[in-house]
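Trainee:
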Amino acid sequence: MAALEEEFTLSTVPLGAGPNGLLGVEQSDKTDQFLVTHGGRTVILYKVSDQKPLGSWSVKQGQIITCPAVCNFQTGEFIVVHDNKVLRIWNTEDVNLDKVFKATLSAEIYRIHSIQGTEPLVLFKEGAVRGLEALLAEPQQKIETVLSDDEVIKWTKVFMVFRHPVLIFITEKHGNHFAYIQTFSSRTLSKYTLFHGQEEKSVIQNFTASVDRKFISLMSLSSDGCVYETSIPIHPRDPDENQRVVRSLLLKTVVAGNARSGVALTVLDQDHVAVLGPPLPASKECLSIWNTKFQTLQTSRELPQGTSGQLWYFGENLFMLHGKFLTVIPYKCEVSSLAGALGKLKHSQDPGTHTVPHFVNWETSRGYGFGSQNSEQSKRILRRRKIEVNVPPPAFEQLLSTIKKDSEKDIEVELCKFLAVKRTPDFHTIVGDIVLELLGRHTTEPSFYPRNSLMQLIQTHVLSYSLCPGLMEAALEKTDVQMLQLCLQQFPDIPESITCACLKLFLSISDDSLQETEINMESVSDCSDPVQEKMDEQTEILQNGFNADEQNCDSCDRKLNQKPQDAAEETTSCPVVPKRAALLNAILHSAYSEMFLLPHLKDIPAQHVTLFLQYLYFLYLKCSENATMTLPGLHPPTLNQICICSELNKIEVSFRELQKLNQEKNNRELYSIEVLELF
Amino acid sequence: MGEFKVHRVRFFNYVPSGIRCVAYNNQSNRLAVSRTDGTVEIYNLSANYFQEKFFPGHESRATEALCWAKGQRLFSGGLNGEIIEYDLQALNIKYAMDAFGGPIWSMAVSPCGSQLLVGCEDGSVKLFQITPDKIQFERNFDRQKRSAVHKMLVDRQYMGVSKRKCIIWGVAFLSDGTVISVDSAGKVQFWDSATGTLVKNHLIANADVQSIAVSDQEDSFVVGTAEGTVFHFQLVSVTSNSSEKQWVRTKPFQHHTHDVRAVAHSPTALISGGTDTHLVIRPLMEKVEVKNYDAALRKITFPHRRLISCSKKRHLLLFQFAHHLELWRLGSTVATGKNGDTLPLSKDADHLLHLKTKGPENIICSCISPCGSWIAYSTTSRFFLYRLNYEHDNISLQRVSKMPAFLRSALQILFSEDSTKLFVASNQGSLHIIRLLEGSFKHLHTFQPQSGTVESMCLLAISPDGNWLAASGTSAGVHVYNIKHLKLHCTVPAYNFPVTALAIAPNTNNLVIAHSDQQVFEYSIPDKQYTEWSRTIQKQGFHYLWLQRDTPITHISFHPKRPMHILLHDAYMFCIIDKSLPLPNDKTLLYNPLPPTNESDVIRRRTAHAFKISKIYKPLLFMDLLDERTLVAVERPLDDIIAQLPPPIKKKKFGT
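From first to last, the protein sequence lines stand for chains A and B. Each residue of the first sequence is one higher than the one before, starting from 1 at the first, in full-length UniProt numbering. Each residue of the second sequence is one higher than the one before, starting from 1 at the first, in full-length UniProt numbering.
#1: In terms of alpha-carbon separation, which member of B:ASN13, B:VAL424, B:ASN44 lies closest to ILE300 of chain B?
#2: Going along the chain, which residues of its own chain have a beta-carbon closer than 6 Å to the beta-carbon of PRO111 of chain B, five neighbours each way excluded?
#3: Using beta carbons (cut-off 8 Å, strictly below), is VAL33 of chain B in contact with chain A?
#4: With a threshold of 8 Å on Cβ separation, who are the neighbours of SER614 of chain B within its own chain once the five nearest residues in sequence on each side are excluded?
#5: Can you pull the chain E neighbours of THR357 of chain B, defined as C-beta to C-beta under 8 Å?
#6: In terms of DSSP beta bridges, what is GLN456 of chain A paired with?
#7: Whose CA, out of B:SER381, B:GLY359, B:GLU361, B:ILE395, lies closest to the CA of ILE375 of chain B?
#8: Can you tell me where the alpha helix (DSSP H) with ILE649 of chain B in it begins and where it stops?
#9: Strictly under 8 Å for the Cβ-Cβ distance: is VAL576 of chain A near chain B by that measure?
#10: Per DSSP, what kind of secondary structure is MET457 of chain B in: helix, strand or coil?
#11: Check this for me: beta carbons of VAL188 of chain B and VAL209 of chain B, under 8 Å apart or not?
#12: Have a look at the DSSP bridge pairing and note the partners of GLU65 of chain A.
#13: Along chain B, which residues have their Cβ under 8 Å away from the Cβ of PHE169 of chain A?
#14: Could you compute how far the alpha carbon of PHE396 of chain A sits from the alpha carbon of ASP212 of chain A?
#15: Would you please verify whether the beta carbon of SER672 of chain A is less than 8 Å from any beta carbon of chain B?
#16: Where do the ends of the alpha helix (DSSP H) carrying LYS579 of chain A lie?
#17: Taking Cβ positions only, does GLN561 of chain B come closer than 8 Å to chain A?
#18: Rank B:VAL179, B:THR275, B:VAL248 by C-alpha distance to the C-alpha of VAL22 of chain B and give the top, closest one.
#19: Per DSSP, what kind of secondary structure is GLY77 of chain B in: helix, strand or coil?
#20: Can you tell me whether DSSP reads GLN428 of chain B as helix, strand or coil?
#21: Looking at LEU4 of chain A and THR299 of chain A, is the spacing between their C-beta atoms short of 8 Å?
#22: So, helix, strand or coil for PRO16 of chain B, using DSSP?
#23: Under 8 Å, CB to CB, which of the residues in the region 573-591 of chain B have a partner in chain A?
#24: Residues of the region 318-330 of chain B in Cβ contact with chain A at a cutoff of 7 Å, in chain order, please.
#25: How long is the line joining the alpha carbons of TRP169 of chain B and LYS70 of chain B, rounded to whole angstroms?
#26: Since GLU677 of chain A meets chain B, which of its residues come closer than 9 Å, beta carbon to beta carbon?
#27: Among the candidates B:LYS358, B:LEU388, B:ASP393, B:SER557, whose CA atom is the shortest distance from the CA of THR380 of chain B?
#28: Whole-angstrom Cβ separation of VAL675 of chain A and GLY337 of chain B, contact assumed at under 8 Å?
#29: In terms of alpha-carbon separation, which member of A:ALA606, A:ILE216, A:SER523, A:SER573 lies closest to ALA586 of chain A?
#30: Measuring only the C-alpha atoms, how far is ASP603 of chain A from PHE73 of chain A?
#31: Considering GLY440 of chain A, what are the terminal residues of the alpha helix (DSSP H) in which it resides?
#32: Can you tell me which of the three DSSP states LYS504 of chain A falls into?
#33: For a test of the three-state rule: what should DSSP assign to CYS416 of chain A, helix, strand or coil?
#34: Nearest to LEU486 of chain B by CA position, among B:ARG629, B:ALA470, B:GLY372, B:ARG549, is which residue?
#35: Consult DSSP for ILE395 of chain B and reduce its assignment to one of helix, strand or coil.
#36: Nearest chain A C-beta to ALA185 of chain B closer than 8 Å, yes or no?
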C-alpha cells in the first residue's frame with residue numbers, strides 16, 4: 001500500500017519562486033545526500049536524513065547557473081553549468097567554485113544527466129548529446145544541430161537499459177511535440193511525432209517516463225487534467241523514418257483542468273504515479289499518489305502554501321517546493337505479499353540506511369530498473385520465470401537424446417549447435433533443463449563429467465542456482481574451482497551453505513593444484529603496484545632489525561603471534577597466492593546473508609579461518625592505504641564486502657584470547673638451557 | 001666452530017619508558033628524545049642513529065617539552081615547573097631554573113634561536129633570553145582576557161557526537177600566516193591567522209591527534225594520532241604545472257600500536273615516538289638520494305648500552321632497571337644434547353636479590369664483579385658499593401659506607417678481572433681507580449681528563465691481566481692507560497663514528513673497538529698500532545650485510561682458550577669472529593644458519609669464513625661466554641613488553 005510519511009523541510013532559507021526558485025534536485029554518489037540547485041547562483045549538498053546542508057557552493061556575482069548540478073557517479077565529482085556554456089567540476093573538498101576546474105563549451109547546454117553505471121551525458125539545446133569525457137577532452141569541439149528552427153527541448157530523461165544509457169528528450173515546435181530517443185549502445189537517434197489523438201486542444205504540461213525492457217512509457221499530464229501514456233520503442237525498426245506514436249488515456253482528471261499554477265507528474269514505480277496540483281479547480285494544491293493499474297487515488301497530501309510545479313523522486317523521497325521551502329515527503333509503497341501476510345517480511349529499516357527494495361518483484365526482469373534504482377540492485381532481482389513453456393525447438397530434443405548416451409565430445413558439438421540457434425523467451429529454463437540432464441547422467445555415471453559443456457552453459461549468463469541445483473555440489477565434489485568461481489560470479493541465488501562449502505574448498509586447496517587451474521584473475525589487483533614495490537625494497541634493505549620473519553614461516557599460528565607488532569609489515573605481502581585471492585574475492589562478491597552464513601563458517605577449520613581473516617585484514621589494510629578506501633584493479637571487492645562479516649570481529653577476539661593463552665604458555669618458558677652449534 | 005650450551009634467559013623484565021617528546025636539531029643532525037620517566041636521550045642521526053648520550057631520569061622530573069636552542073643547546077621543561085639545560089659534554093644537568101608558572105607544558109625557541117618561550121600551567125607564557133651560560137627571565141605574557149586578536153572556534157562536533165571538550169593538542173604557525181591545529185576530535189585544521197577563519201579541515205582519526213611537526217621548508221608536516229597512526233601532509237601543486245599549492249594528506253603510516261605522543265620532521269625522515277616505547281624513523285623515499293642504509297625504516301626500542309652485567313665465576317646476572325637492581329643465579333643441567341635441543345634443568349634459575357635505590361633518581365650504571373662479591377651502582381648524585389657474602393644458599397648484603405666525595409656520579413663502572421680493583425668513570429672526564437679490600441676500599445689514583453677537554457668517558461675496558469685500562473668518550477679517541485705505572489699509555493686515533501663497545505683480549509692485549517657505522521678495529525696496545533688482521537679487514541672491507549645491520553654492537557668478549565675468537569653481539573645477532581679463517585667478500589653468504597649436509601669438505605672449506613653468525617636469540621640484550629663451552633644470552637621478546645603496556649585503542653578490523 002502506497003503511503004506518504006511525515007514531511008520535513010530541507011532548506012531553512014526561503015527560496016524565490018519561478019526562475020530564481022529551485023532549478024533541480026539530483027542524487028549524489030552517497031546515499032541520502034542530494035544536490036539542490038537554486039536558481040541563480042547556489043548549489044547545496046544536503047544530507048536528507050539529518051536535514052542539514054553538508055556544503056554550499058556559489059558562482060560569482062554576474063554568473064548564473066543554468067542547469068541543475070549533478071554528481072558524476074564514476075568519480076564522485078559534482079558538475080554544474082553556468083551561463084549556458086561553462087562547465088564547473090568540483091568535489092566536496094573545494095571551497096570556491098571560482099577556483100575549480102572550468103571548461104567552456106562551444107554550444108549551449110540544456111541538461112547534464114548523470115545516473116549510476118555510466119558517465120554523465122550532456123544534452124545540448126540544439127539536440128546533440130555527448131559523453132562528458134569526450135567533451136572534456138576537447139571542450140571547443142563543434143556541436144552539431146539536430147533540432148530544426150523554433151524547435152525547443154521541453155523535457156528530458158535518461159535510463160539504463162541493459163547496461164547502456166538511453167536518453168529521451170521531448171521537443172516542441174508550433175504546438176507539436178516530438179520525442180527523440182538517443183541510444184548509446186548502437187548510437188542511433190530516432191525521432192517520433194507525438195500524436196495527440198482526440199484531445200487535440202489540450203496542451204501538454206508535464207512529462208514523466210519509465211522504461212520497460214523494449215519500450216519507454218512516456219506519460220504526460222495535459223491541461224485537461226488527464227494523464228496520457230505513450231509507448232515508444234527503444235530500438236526502432238527503421239531509425240531514419242520519422243514515426244508517429246499515439247497516446248492513450250491512463251488516468252482521468254487527476255488535477256483540475258486548466259489549473260493556473262504549476263502541475264507536475266512523476267512515475268514512482270510500475271503502478272504508481274505522483275501528481276502535484278489542485279485536484280479541484282477551487283481546492284488547494286495537493287500531492288497525490290495514483291495507482292495506474294486500478295486507477296485509484298492511493299493517498300494525497302495537501303500543500304496549503306502552494307507549490308511550484310516541480311517534483312523529483314529519488315529512492316524513497318519526493319522533493320517539492322512547499323511555499324518557499326524545499327520539502328521532502330518520504331514515500332513508501334509496500335506491495336502486499338504472502339510473506340507480508342505471514343508476518344515474515346522485514347519492515348524495520350533504520351532511517352538513513354540505503355533503501356533496498358522491500359520485496360522482490362517477480363514482474364521485473366534482469367536489466368530492468370527504474371531510473372532511480374542503481375544497477376547493483378537490478379542485478380539482484382531474480383530473473384523472470386515464465387509459467388507457460390514454449391514448445392522446445394527440435395535442436396533441444398536432439399541435444400537431450402545426445403546427452404543420454406553419447407560421449408562428452410558429441411555433447412559439446414550438439415550443444416554448440418543448440419546455442420547457435422536464436423534464443424527463445426524460455427531459453428533459461430531450457431538451459432537449466434540441459435544442465436539437470438547432464439548432472440543426472442553424472443550421478444548415475446560418476447566418471448561422466450562434461451566440464452566443457454557445463455562451463456559453456458554457465459557462460460550463457462541465464463542460469464541461476466535454483467535452475468540447476470546440484471551443479472555446484474558436483475563441482476565441489478570434483479574440486480573444480482574454476483567452475484565454482486564462475487558459478488559464484490554468475491548465480492544470484494547461491495545458498496549460504498554452498499558459499500561456505502566453496503570458501504572451505506578455496507581455503508584448503510593446495511597451492512600446487514591451484515597452479516594447474518585456470519582462474520579468472522580480474523578481481524585481483526596487479527601485485528606490482530608502486531606502493532607494494534616500495535615496501536618490498538624496504539624490507540629487502542632492512543637486514544636484521546624488525547624484519548623478524550626472514551624465513552618463510554610455515555605455520556599460521558606463528559604469524560598470528562607476530563600480528564600485533566608486525567601489523568605494518570603485514571601490509572606488504574598478501575597472505576595467499578594471487579589465484580587463491582581471486583577465488584576468495586569471488587566469495588566476497590557473491591550475495592549472502594550474514595545470518596545464514598555464520599553457522600556454516602563455524603565448520604571451517606581454525607587455521608583456514610585464520611588465513612581468511614588474514615586475507616580480509618590484508619585487503620582492509622590495502623584499502624586503508626588508499627584515500628578513497630578502494631582497492632586497485634578491475635573488479636576488486638569493495639570495502640563493504642571486506643567488512644561485511646562483522647561477526648568476524650568476534651572470531652578475531654576469540655583468536656586474540658587464544659593467542660594470549662599461547663603467550664602465557666610461552667612466558668612460562670622464561671629460562672632454558674639449549675644446545676647451539678655454530679657452523 | 002663448535003657446540004655451546006646456551007643459558008637462554010627471558011626473565012629480564014625490562015620495559016622501556018614511553019616516549020614523551022622528540023626534538024630534532026638540523027644543525028648537528030641530532031635527535032633529542034625524552035621519556036616519561038624523565039630520561040633524555042640524544043641520537044646522532046649521522047652516526048647510524050646511535051644513541052650516543054643520555055641523561056638519567058628523575059621521578060619528579062616528567063618532561064613535557066623539549067627543544068634545541070642557540071645551535072646545540074638543549075632545554076627541557078616539565079611538570080615540576082623547572083626549565084633545565086643539559087650539558088652535552090659533561091653529560092649532566094647544567095642548571096635547573098624555576099619558571100614560576102607551575103608545570104611547563106610547552107616550549108619553543110624564537111626563530112633566531114636566542115629567546116626561549118615556555119607555556120605554563122597558570123596560562124602564562126614566559127620569555128627567557130638565552131645568555132651564553134644561562135637563561136635570563138625577560139617577559140611574562142599573561143593570559144589574554146579581552147584583547148584576543150582572533151578567536152578561532154574549533155568545532156567540537158565529532159561524527160555527530162559532541163564531546164565534552166575539544167582539546168587542541170598542538171599548533172603550528174607557518175610563515176605564510178597559516179595556523180595548523182591538531183585536536184582531540186581527530187581533526188587537522190588549517191586556519192588563516194589574518195582573518196581567524198577555518199580554511200580546511202581534515203578528519204583523520206577516530207581518536208586524538210596528539211602531535212604535529214613541520215619541516216623547515218614548511219612544505220611538509222607530520223601528525224601522530226592516539227591510534228598509533230602517523231600521517232604525512234604535503235604542500236603540492238593543485239595541477240601539474242600550476243603555482244597554486246594546497247595541503248594534501250599524502251601517506252598514512254602505522255608503525256605504532258599506541259598513542260604517538262611526539263613527532264619530528266627531519267629533512268629526510270619522519271620521526272615518531274609514543275607510549276609503545278618505539279622510536280620510529282621513517283625515511284621519506286623521495287628525499288633519500290641513494291638507496292642505502294638510510295633508506296630503511298628504523299625502529300629503535302632498546303637502549304644502545306648494556307643494562308646487564310655478569311659474574312662468570314658464580315654464574316650470576318645483574319639486571320639494571322630504572323629504580324632497582326635484580327640479581328639472578330643461572331640454573332644448571334647435567335644433560336647433553338645435539339644442536340637445537342632444550343636440555344632438562346637440574347636446577348632452575350634463582351632470583352637472589354632485589355635491590356631498590358633510595359631517592360627519586362634513576363640508576364645510571366651498575367656492575368657486578370667477576371667474582372660475584374661486589375655490586376656497584378650509581379645515580380646522578382650518589383655512588384653505592386655493596387659487598388655480597390655467600391653462605392651456602394644464603395646471601396647477605398653489606399653496604400660499603402663512607403664513599404669518598406669525588407665518587408658522586410659515575411657514568412660507567414668496571415671491576416678488574418680478579419675483582420680487586422674498581423674503575424669508575426665520573427662525569428667531568430676523570431677516571432678513578434679504587435682498590436677493594438675485604439669490606440672496605442682504598443683510593444689508588446685518579447686520571448684527570450686531558451687538559452682542555454671535559455668530555456665524559458662512557459665506555460671502559462680492562463685487560464684480563466689488569467695492566468691496561470681503555471676508556472672512550474663519545475667523540476674523541478680511545479685512551480689507554482697503564483695501570484701499573486698509572487699513566488696514559490697511548491690514544492687510539494679518533495674515528496668519525498662513536499664507539500659502541502670496547503674490550504681488551506686476553507694474552508695479546510689487543511683492544512677491539514666497535515663503532516656505530518658497524519666497523520670493528522683491532523688495536524695492539526703493546527705495539528701502539530692497528531693489528532695486521534685489522535688492517536686486512538679494513539683493506540678488504542666488511543661484508544655489505546654486516547654494514548647494513550641496524551643496531552650497534554653493545555658488547556664484546558673473548559674466548560678464554562681461543563685467542564683467535566672474538567664474540568660480539570647487537571640486538572639481532574651474535575657473531576664469533578674466527579680470525580684464523582678467510583674474510584667473507586660480498587659474494588659470500590654471510591649468514592648461513594644451516595649445517596653443511598652432504599657437501600664435500602672442499603666446498604665447506606671454501607665457503608667457511610671468519611664470521612659465524614647466529615640470529616636465534618633476539619632481541620638480544622646481552623650475551624657473554626661463561627666458560628669455554630657455555631654462553632649466556634639475555635633476550636627480551638617484544639611481546640612481553642607489549643603485554644605490559646596499557647592496552648591500545650581497539651580498532652575494529654572487520655565490520656563497520
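Glycine is no exception: its CB is placed at the ideal position from the N, C-alpha and C atoms.
Mentor: In brief:
#1: B:ASN44
#2: none
#3: no
#4: The answer, listed in chain order, is MET573, PHE574, CYS575, PRO593.
#5: No chain E appears in the structure shown, which is made up of the protein chains A and B.
#6: In DSSP, GLN456 of chain A forms no bridge with anything.
#7: B:ILE395
#8: Taken as a continuous stretch (DSSP letters only), ILE649 of chain B belongs to no alpha helix (DSSP H), as it is neither H nor E.
#9: no
#10: Coil at MET457 of chain B, not helix or strand.
#11: In terms of Cβ geometry, VAL188 of chain B and VAL209 of chain B form a close pair [threshold 8 Å].
#12: The identity of residue 65 of chain A in the sequence shown is Ile, whereas the question assumes Glu. ILE65 of chain A is bridged to A:GLY40, A:HIS82.
#13: Simply none; closest approach about 35 Å.
#14: 30 Å
#15: Chain B, which has a Cβ nearer than 8 Å to the Cβ of SER672 of chain A, makes this yes.
#16: 578-589
#17: One point to set straight first is that residue 561 of chain B is Lys, not Gln, in the sequence displayed. Cβ-Cβ to chain A under 8 Å: no for LYS561 of chain B.
#18: B:THR275
#19: strand
#20: helix
#21: yes
#22: coil
#23: MET573, ILE576
#24: none
#25: 26 Å
#26: MET1, GLY2, GLU3, PHE4, LYS338, ASN339, GLY340, PRO595
#27: B:LYS358
#28: 5 Å
#29: If we check each option's Cα against that of ALA586 of chain A, A:SER523 comes out closest.
#30: If you draw a straight line from the Cα of ASP603 of chain A to the Cα of PHE73 of chain A, it is about 40 Å long.
#31: 427-444
#32: helix
#33: helix
#34: For the set B:ARG629, B:ALA470, B:GLY372, B:ARG549, the Cα lying nearest the Cα of LEU486 of chain B is the one of B:ALA470.
#35: strand
#36: no
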